[in-house]
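A short write-up of the structure that comes next.
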Amino acid sequence: MATNVTTLHHRRLTSEQLHDLVHSAPGGPVQLTDDHRKSLTSRFRGVASPGHRRLDAWSVEQAGRGASTFRWSPATSRRVLGNGALRRMKGQRSLSIIDAVRDELADQLLRAASGYARGGSLAYWLASSPHPVLGLVTAEAVTWATQLHEIAQALPLPCTVATADAYYDVATARTTLRARRDLLLTQGDERIVVRVRAGTPGKSAGPGLRADLTIETLAHHDGIAPARFIGLWPEAGVCLSVDGTMDDLRSGARALVRTAVAQQRQRTLLAA
Amino acid sequence: MVDALRGDRTRRPRNDTTVSAGLRATLDDGLYDLIGATQLTTPVVVRPSSLHLRPKTSEFSTSSHGRLRGVLISQILRLMSVGVVIDHAFDDAVLAWRSEVDTSELLEQLDRLDDDERARLATDLGAHRVALARALGTIPAGWLPRSGVRASQRLAGGSVVLRDVVDLMIGSTTSDTASVALFDVTTSPLGEAAERTMRFHALVQTLRTSTMPLRTCTFSTATGELWMRDVDYELLSRSVDDVLEAVASLWPPT
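Here is the structure:
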């Protein structure tokens with residue numbers, strides 16, 4: 000009888016360990032076919048939802064429990080601005096991190112001033128924030144960008160800062176899946192995705208990482224899985240990774256469907 | 000002050016990446032002697048403040064006025080680290096603080112202050128801000144300043160957690176030579192507690208990055224004093240003893 004074996008590597012976050020994780024990534028990319036996508040769609044369609052459903056690694060880790068209401072703050076804006084600043088630095092080598100963050104901030108403010116920002120967006124919030132809050136936003140973004148810059152320098156291969164998270168709309172199931180990604184390493188046909196999170200990894204960090212791996216693969220135009228998906232928790236000095244194997248992809252998909260089911264049960268309980 | 004923190008570039012030691020594993024093992028062994036194999040559902044959390052639980056601790060520094068002043072000066076340091084011009088120290092610091100904290104006991108205490116108390120705190124903070132600005136000067140962007148750097152380390156299978164926030168950190172962890180300097184600001188006069196905090200920052204940073212920082216320092220905006228220590232194995236071992244002592248005083252958890 001065949002057994003399903005998923006992978007989960009747990010290492011300290013050091014340059015040597017990152018080198019090892021990148022170089023030891025398994026070869027032979029795994030591909031998700033249309034049949035896999037159809038199968039996932041039918042599973043999601045089987046779980047009723049009153050509105051549009053959005054799932055990500057965080058909802059998997061929280062077993063579908065509703066997150067508190069989102070609001071923009073220096074902490075929630077740092078990743079958008081910090082990653083944008085690093086992308087900007089790739090194009091302008093002479094730019095310092097602080098200057099790059101200031102330029103990102105200025106772009107956001109310009110967007111709001113020219114009327115391109117919608118209510119609730121980061122640009123809209125920044126435009127309505129007082130000077131000291133913008134200062135703290137800059138400080139948070141600089142800290143985030145510096146941390147990511149240090150990580151990028153510790154990686155053994157040249158990497159790019161992801162332009163956006165990976166999104167996948169499950170057709171006819173009113174479900175959007177989102178995978179967080181920060182750095183992308185490409186070597187030949189293979190790619191490795193690095194995701195950075197604040198705090199410390201909990202017991203369900205592995206399923207969360209597998210959910211991100213699955214969504215990242217679904218969002219790929221040819222359905223090709225990354226060789227390895229690495230999650231970094233710099234505050235804890237820890238990194239976890241999962242390989243792009245079919246077992247891990249299946250496990251990630253199951254975790255996402257289970258989360259949708261858990262959300263539905265919670266709604267039913269609340270209604271009762 | 001920032002120049003002193005970085006020191007002479009040619010005299011920096013090579014990055015020591017070997018010491019953290021030994022420190023972690025010493026901590027785990029010490030914790031096992033204290034708490035055994037018990038797995039706690041709620042861990043014992045050790046923060047810099049946990050190391051100060053001594054009768055000699057200044058009462059003023061732990062009063063709500065002192066704590067508020069400490070939080071607000073940290074916000075000012077964060078703003079200064081990215082070159083923000085501060086017009087009104089108190090108002091700017093409060094606005095910045097409110098933007099990142101929804102509710103907290105300390106924030107409620109701030110809201111409960113009457114006009115006289117707020118005016119006193121604002122004047123006090125203004126004086127501390129001037130002391131900090133004079134000492135800190137401008138931090139070059141190339142030194143990679145980052146502020147409010149958080150760290151969390153699980154020990155003894157998660158039964159003990161070390162939590163820390165470094166006010167300001169400069170230098171790179173990826174260079175061949177040790178170049179990370181940790182900077183802490185306090186509005187209290189410096190004493191034994193400040194020394195323990197300096198050591199704790201160095202220990203947690205070493206455990207977190209597996210790289211020994213170059214220096215750790217504390218600046219008092221009350222007296223203008225700067226205490227600075229090069230990080231070495233002896234300093235880190237003393238911090239390990241501090242942590243074990245703190246866990247012993249917090250054990251068993253109530």
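Heads up: the sequence lines are chains A and B, in that order. Take 0 as the starting number for the first sequence in numbering that gives the first Met the number 0 and just add one per residue. Take 0 as the starting number for the second sequence in numbering that gives the first Met the number 0 and just add one per residue. We put the CB at the ideal spot given by N, CA and C, even for glycine. On a predicted model such as this, the values are computed, not experimentally measured, just so you know.
Selected residue, minimal CA-CA separation from residue i, among the options
i        : options                               : result
Gly29/B  : Val184/B, Val159/B, Trp226/B          : Val159/B
Asp7/B   : Gln108/B, Arg214/B, Arg128/B          : Arg214/B
Arg296/A : Val160/A, His18/A, Ala116/A, Gly251/A : Past the edges of chain A, shown from 0 to 271, lies residue 296/A, and the structure says nothing about it.
Leu182/A : Gly198/A, Leu156/A, Tyr166/A          : Leu156/A
Thr51/A  : Ala270/A, Cys238/A, Gln263/A, Ala84/A : The sequence given here has His at residue 51/A, not Thr. The candidate whose alpha carbon is nearest that of His51/A is Gln263/A.
Trp124/A : Ala153/A, Val169/A, Ser76/A, Thr145/A : Ser76/A
Asn3/A   : Arg87/A, Ala126/A, Gly251/A           : Gly251/A
Counterpart residues of residue i in DSSP-defined beta bridges
i        : result
Leu176/A : Leu54/A, Tyr167/A
Asp242/A : Arg227/A
Trp232/A : Val237/A
Asp163/B : Ala150/B
Ala180/B : Ile169/B, Arg214/B
Rounded separation between residue i and residue j - CA only
i        : j        : result
Ser57/B  : Arg66/B  : Confidence in Ser57/B is poor, its pLDDT being 49 and thus under 50, which makes the residue's placement unreliable; the coordinate value appears in the next sentence. Looking at the two C-alpha atoms, the distance is approximately 12 Å.
Ser48/A  : Arg266/A : 9 Å
Ala36/B  : Ser93/A  : 53 Å
Asp34/A  : Gly222/A : 11 Å
Val246/B : Ser219/B : 27 Å
Asp188/A : Leu80/A  : 30 Å
Phe59/B  : Thr186/B : Note that Phe59/B has pLDDT 49, beneath the 50 cutoff, so the model's placement of it is unreliable and no number is given.
Thr6/A   : Ser23/A  : 13 Å
Val70/B  : Thr174/A : 43 Å
Arg153/B : Glu234/A : 11 Å
Leu120/B : Asp90/B  : 11 Å
Ala221/B : Pro188/B : 6 Å
Val43/B  : Gly157/B : 9 Å
Thr25/B  : Glu149/A : 28 Å
Arg42/A  : Ala111/A : 41 Å
Ala226/A : Ile214/A : 14 Å
Val21/A  : Arg180/A : 16 Å
Gly134/A : Ala88/B  : 13 Å
His254/B : Gly147/B : Only positions 0 to 253 of chain B appear in this structure, which leaves residue 254/B out of reach.
Ala40/B  : Gln30/A  : For the sequence presented, residue 40/B should be read as Thr rather than Ala. If I take the Cα positions, the gap works out to 41 Å.
Leu161/B : Ile34/B  : 16 Å
Thr196/B : Leu255/A : 43 Å
Amino acids of chain B, ordered along the chain, whose beta-carbon sits closer than 8 Å to that of residue i
i       : result
Arg87/A : Chain B residues near Arg87/A: none, gap ~14 Å exceeds 8 Å.
Ala74/A : Glu99
Interface partners of residue i on chain B, CB under 9 Å
i        : result
Tyr98/A  : Before going further, note that residue 98/A is Asp rather than Tyr in the sequence given. Going along chain B in sequence order, the residues near Asp98/A (Cβ under 9 Å) are Ala140.
Ala235/A : Ala150, Ser151, Gln152, Arg153, Arg207
Contacts that residue i makes with chain B (C-beta to C-beta distance below 7 Å)
i        : result
Gln152/A : Thr173
Arg11/A  : Ser209
Listed by chain order, chain A residues near residue i by CB distance under 9 Å
i       : result
Gln38/B : None at all; the shortest Cβ gap to chain A is about 13 Å.
Val83/B : His130, Pro131, Leu133, Gly134, Leu135, Thr137, Ala138
Cross-chain neighbours of residue i in chain A, by beta carbon under 7 Å
i        : result
Ser146/B : Ala138, Thr142
Pro95/B  : According to the sequence provided, residue 95/B is Ala. The question's Pro does not apply to it. Under the 7 Å cutoff, chain A gives Pro131, Val132, Gly134, Leu135.
Asp183/B : Within 7 Å Cβ-Cβ: nothing; Asp183/B doesn't reach chain A, min ~16 Å.
Arg77/B  : Leu135, Ala138
Thr25/B  : Near Thr25/B there are no residues of chain A at all, since even the closest Cβ is about 16 Å away, more than 7 Å.
Ser80/B  : Ala138
Thr17/B  : Under the 7 Å cutoff, chain A gives no residues; its nearest Cβ is about 11 Å from Thr17/B.
Asp91/B  : Pro131
Exercise for review: Output, in sequence order along the chain, the residues in the segment 101-118 of chain B whose CB is closer than 8 Å to any CB in chain A.
Suggested key: none
Exercise for review: For the segment 115-137 of chain A, enumerate the residues whose C-beta is nearer than 9 Å to any C-beta of chain B, in chain order.
Suggested key: Ser128, Pro129, His130, Pro131, Val132, Leu133, Gly134, Leu135, Val136, Thr137
Review point. Residues in the segment 189-215 of chain A with C-beta within 8 Å of chain B's C-beta atoms, listed in sequence order?
Key: Ala197, Gly198, Thr199
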